[in-house]
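Undergrad: Residue numbers (full-length UniProt numbering): 1 to 691.
Pasting a structure below so you can have a look.
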């Protein structure tokens, strides 16, 4: 008989932890929550201080029965759910179900699933933290009050299947507000003047800066022409040379939001996929002879703090692999995120010695790519700053000043391993200038004025939206991915070129929320509510008082909405063709994956079909059909013949209408990391890459 019973959330963790703890311990999995609020009703007793009505989750009865049987045989029970609010709530429910004293040392938490971390955590068990439980309970009750009151109202007034959660409503508002900004945007004209200069045989570039040492902006072509007239000849004089040494510090270890953003930028992963892969890496991967090992620390965190042990191991690795000069010389104080809980560390490899290239045979391609990203970011965060030599030169001709800037990496530091990505994908490269000094005479080789127009703010990508939510204090690490997933599943937004665009349905829901529930979609109100939940976690506020203050105002808005909200009929848009089965008109409908065509004679006729998007290219296979854009089961775009299944032509790359000038075969657009390149499908013909 095992003396100790340990309960974790997942079976993957259970096997690994049992191996680490030894024969005296039996480790079982609760498979997540076993107790929760019912799905079929709100499950909150408003009259009794918002008391939650918990039930055993449907299908979890046998799991709970098995845990109770095991608990009766054990001398002591340890509850080892995840180290966050939700994990604390799971432990609390299990304690009550298994008659474990919540005030006893029954709770064990660990930030990584490694032998040392697990063994150390069992040396420091603690009671269940009721403040953490209350914070999670308050969030669940709050979300129930909002969702289970507003959603049925939307079903009644608009259509079934809609929802209106707290965080998702704010996310939708941000997307719609950005769309309005784009629609209202009026571009403004501006001009730049670029030039090429020569010193001896060395050529370098500069651009117009200003007049007589003062910076000037060019708003029109006439202003540009006045500047060009002022330049007398091709000779410019160097009037100032500024040389500086600039340090560039590494980015800190990942937190949940920065991991999602960087995985989107560098790996093209959606937030949901990133978190799924990170969960697998955290819970453990079978490494052959080494057994199952957790490869990264806990992935739901808003802290960049790194343990001294991990810092020490990283320092030894960096000194061995790169040299002492690459070691971080002083501990840079990391800027703590507003509202960061700092409950555990940033996301890092559990051992820096497990280099990504040593794990290729054990990880899937995507697991390896994410692990490599986490490993490189962590190692770089523990390295010395990069040192850049910068040079700025002002060139004068008749009072017209052009400026040339150059830089080169003097010492790569952390950049030897990793450089943080940006939403605009601008890479810092060496831009070298010749050796220039004041008084030098430089020749102008070429000059080119260019007209530009200011651009509207960009639509939100997943990465940009996560960053904005985080900056505004909306949601928490565990909520970002589900929020983005929900607004897409409900049909409130669609993705166009990986950017969020609100749908007609999304705009309707937003307008209703704005009119009847302004607090729910108010950014400041929602951020304050998150802060209040944090205060509950810290033991500074009572959760019932927070919910009561919210509900008194919310109830008034709810009663008004029930009385005054008008029913809205979302009319189906005619598709311009008839159903081939019953000859009724086809209409466009909005589904989970965007628009599709359906018969207007539903439910008598259930004919549906995808919207065909032709690309203006004839099929090279059957010569008769047209190439159309299709989507795979995983929503990946590919191209096929509209005569399918008679013609089985398909291509992941987009075919173009031109034939290869070399062999007359089909040419396609290949998507590369930094642009698009047109290539032949048969021979080696390639065209210059387009950005």
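Using N, Cα and C, we set each Cβ at its ideal position, and we do this for glycine too.
Keep in mind the model is a prediction, meaning the values are calculated, not measured.
1. Roughly how many angstroms separate the alpha carbons of residue 207 and residue 527, rounded to a whole number?
2. Rounded to the nearest angstrom, what separates residue 773 and residue 105 at their Cα positions?
3. Could you tell me the boundaries of the alpha helix (DSSP H) in which residue 278 lies?
4. How big is the Cα-Cα spacing for residue 445 and residue 454?
5. Less than 8 Å between the C-beta atoms of residue 127 and residue 103, yes or no?
6. Taking only three categories from DSSP, how would you classify residue 555?
7. Starting from the C-beta of residue 263, find all residues in its chain whose C-beta is less than 7 Å away, skip the five residues before and the five after it, and write them out in chain order.
8. Out of 392, 397 and 248, which one is the CA nearest neighbour of residue 412?
9. Provide the residue span of the beta strand (DSSP E) that contains residue 677, from first to last.
10. Return the chain-ordered list of same chain residues with a C-beta closer than 7 Å to the C-beta of residue 92, the five sequence neighbours on each side being excluded.
11. Hey, would you say residue 587 sits closer than 8 Å to residue 603, going by beta carbons?
12. The beta strand (DSSP E) spanning residue 401 covers which residue range?
13. Please list, in chain order, all residues of the same chain as residue 500 whose beta carbon is under 7 Å from its beta carbon, the five residues on each side excluded.
14. Nearest chain C C-beta to residue 327 closer than 8 Å, yes or no?
15. Quick check on the burial criterion: 16 or more other C-beta atoms within 10 angstroms. Buried or exposed for residue 88?
16. Helix, strand or coil: how does DSSP classify residue 340 here?
17. What does the Cβ neighbour count give for residue 228, buried or exposed, with the cut at 16 atoms within 10 Å?
18. Tell me residue 640's beta-bridge partners as DSSP assigns them.
19. Looking at the secondary structure, which residues open and close the beta strand (DSSP E) in which residue 192 lies?
20. Please report the residue range of the alpha helix (DSSP H) in which residue 468 lies.
21. Among 232, 397, 305 and 217, which residue has its Cα nearest to the Cα of residue 694?
22. Using a 10 Å radius around the Cβ and a threshold of 16 neighbouring Cβ atoms, would you call residue 684 buried or exposed?
23. Around the Cβ of residue 98, are there at least 16 other Cβ atoms within 10 angstroms (buried) or fewer (exposed)?
24. Residue 397 and residue 235 - do their beta-carbons sit closer together than 8 Å?
25. Is it the case that the Cβ atoms of residue 154 and residue 509 are separated by a distance below 8 Å?
26. Jot down the residue ranges of each uninterrupted alpha helix (DSSP H) in the segment 40 to 127, minimum 4 residues, whole runs only, in chain order.
27. Flag this pair as yes or no: are the beta carbons of residue 655 and residue 627 separated by less than 8 Å?
28. Give the single residue among 579, 620 and 690 whose Cα lies nearest to the Cα of residue 665.
29. For residue 667, which beta-bridge partners are listed by DSSP?
30. Are residue 377 and residue 254 touching if we call contact CB-CB under 8 Å?
31. For the segment 274 to 289 and the segment 318 to 330, state whether three or more C-beta atom pairs, one from each stretch, are separated by less than 8 Å.
32. What residues match up with residue 329 in a beta bridge as DSSP calls it?
33. Label residue 203 either buried or exposed according to how many other C-beta atoms from any shown protein chain fall within 10 Å of its C-beta, with 16 as the threshold for buried.
34. Mapping the DSSP letters down to three states, classify residue 616 as helix, strand or coil.
35. With a threshold of 16 other CB atoms inside 10 Å of the CB of residue 12, please say whether the residue is buried or exposed.
36. At the level of alpha carbons, what is the spacing between residue 162 and residue 151?
TA: With the given structure in hand:
1. Numbered from its first residue, the chain shown carries residue 207 at position 207. Numbered from its first residue, the chain shown carries residue 527 at position 527. Rounded to whole angstroms, residue 207 to residue 527 spans 44 Å at the Cα level.
2. Coverage of the chain is limited to positions 1 through 691, which leaves residue 773 absent and any answer about it impossible.
3. Looking up residue 278 in the chain shown gives position 278. Residues 271 to 283.
4. The residue labelled residue 445 in the question sits at position 445 within the chain shown. The residue labelled residue 454 in the question sits at position 454 within the chain shown. Cα to Cα, the separation comes out at about 29 Å.
5. Along the chain shown, one-based indexing puts residue 127 at 127. Along the chain shown, one-based indexing puts residue 103 at 103. Contact: yes.
6. As a first step, residue 555 is located in the chain shown; it is residue number 555 there, counting from the start. Reduced to three states, the DSSP call for residue 555 is helix.
7. On the chain shown, residue 263 is found 263 positions in, with the first residue counted as 1. For residue 263, where only same-chain residues beyond five positions count, the Cβ hits under 7 Å are 269, 274, 370 and 373.
8. Indexing the chain shown from 1 puts residue 412 at position 412. Nearest of 392, 397 and 248 to residue 412, Cα basis: 248.
9. Start at 1 with the first residue of the chain shown, and residue 677 comes out as number 677. Counting along the chain, the beta strand (DSSP E) containing residue 677 begins and ends at 675 to 680.
10. Here residue 92 refers to the residue found at position 92 of the chain shown. Result list for residue 92: 102, 128 and 133, in chain order.
11. Locating residue 587 in the chain shown gives position 587, counting from the first residue. Locating residue 603 in the chain shown gives position 603, counting from the first residue. No, the pair does not count as a contact, with Cβ atoms beyond the cut-off.
12. The residue you call residue 401 lines up with position 401 of the chain shown. First-last of the beta strand (DSSP E) with residue 401: 400 to 411.
13. For the purposes of this step, residue 500 is taken as residue 500 along the chain shown, with counting starting at 1. Excluding positions up to five away in sequence, the list reads 175, 459, 460, 465 and 493.
14. Although the question refers to chain C, the structure presented lacks it and comprises just one protein chain.
15. Mapped onto the chain shown, residue 88 falls at position 88. Looking at its Cβ environment, which holds 16 or more other Cβ atoms inside 10 Å, residue 88 is buried.
16. In the chain shown, the residue the question calls residue 340 occupies position 340. A caution first: residue 340 carries a pLDDT of 46, below 50, which makes its placement in the model unreliable, though a value can still be read off. Coil at residue 340, not helix or strand.
17. Indexing the chain shown from 1 puts residue 228 at position 228. That one is exposed.
18. As a first step, residue 640 must be located in the chain shown, where it is residue number 640. DSSP, once it has assigned bridges, lists 628 and 650 as partnering residue 640.
19. Start at 1 with the first residue of the chain shown, and residue 192 comes out as number 192. Residues 189 to 199.
20. Within the chain shown, the letter at position 468 stands for residue 468. Element bounds for residue 468: 462 to 472.
21. Here the chain has residues from 1 to 691 only, and residue 694 is not among them.
22. Within the chain shown, residue 684 is the residue found at index 684, counting from 1. The residue in question, residue 684, is exposed, as its Cβ has fewer than 16 Cβ neighbours within 10 Å.
23. One-based indexing of the chain shown puts residue 98 at position 98. So residue 98 counts as buried.
24. By one-based count along the chain shown, residue 235 stands at place 235. By one-based count along the chain shown, residue 397 stands at place 397. For residue 235 and residue 397, yes; Cβs fall inside 8 Å.
25. Translated into the one-based positions of the chain shown, residue 154 becomes position 154. Translated into the one-based positions of the chain shown, residue 509 becomes position 509. Result yes, Cβ atoms of residue 154 and residue 509 sit closer than 8 Å.
26. 61 to 73, 85 to 97 and 115 to 121
27. Locating residue 655 in the chain shown gives position 655, counting from the first residue. Locating residue 627 in the chain shown gives position 627, counting from the first residue. Their beta carbons are under 8 Å apart, which means residue 655 touches residue 627 by this criterion.
28. As a position in the chain shown, residue 665 is number 665, starting the count at 1. Taking only the C-alpha atoms, the option nearest residue 665 is 620.
29. By 1-based counting over the chain shown, the position of residue 667 is 667. Residue 667 pairs with 680.
30. Position 377 of the chain shown, counted from the start, is the residue given in the question as residue 377. Position 254 of the chain shown, counted from the start, is the residue given in the question as residue 254. Going by C-beta atoms, residue 377 is nearer than 8 Å to residue 254.
31. no
32. Numbered from its first residue, the chain shown carries residue 329 at position 329. BP columns for residue 329 are empty, so no partner.
33. For this step, residue 203 is matched to residue 203 along the chain shown. Looking at its Cβ environment, which holds fewer than 16 other Cβ atoms inside 10 Å, residue 203 is exposed.
34. Walking along the chain shown from the start, residue 616 turns up at place 616. Strand.
35. Translated into positions along the chain shown, residue 12 becomes position 12. With 16 or more other Cβ atoms within 10 Å, it is buried.
36. Taking the chain shown and counting its residues from 1, the one referred to as residue 162 is at position 162. Taking the chain shown and counting its residues from 1, the one referred to as residue 151 is at position 151. Looking at the two C-alpha atoms, the distance is approximately 6 Å.
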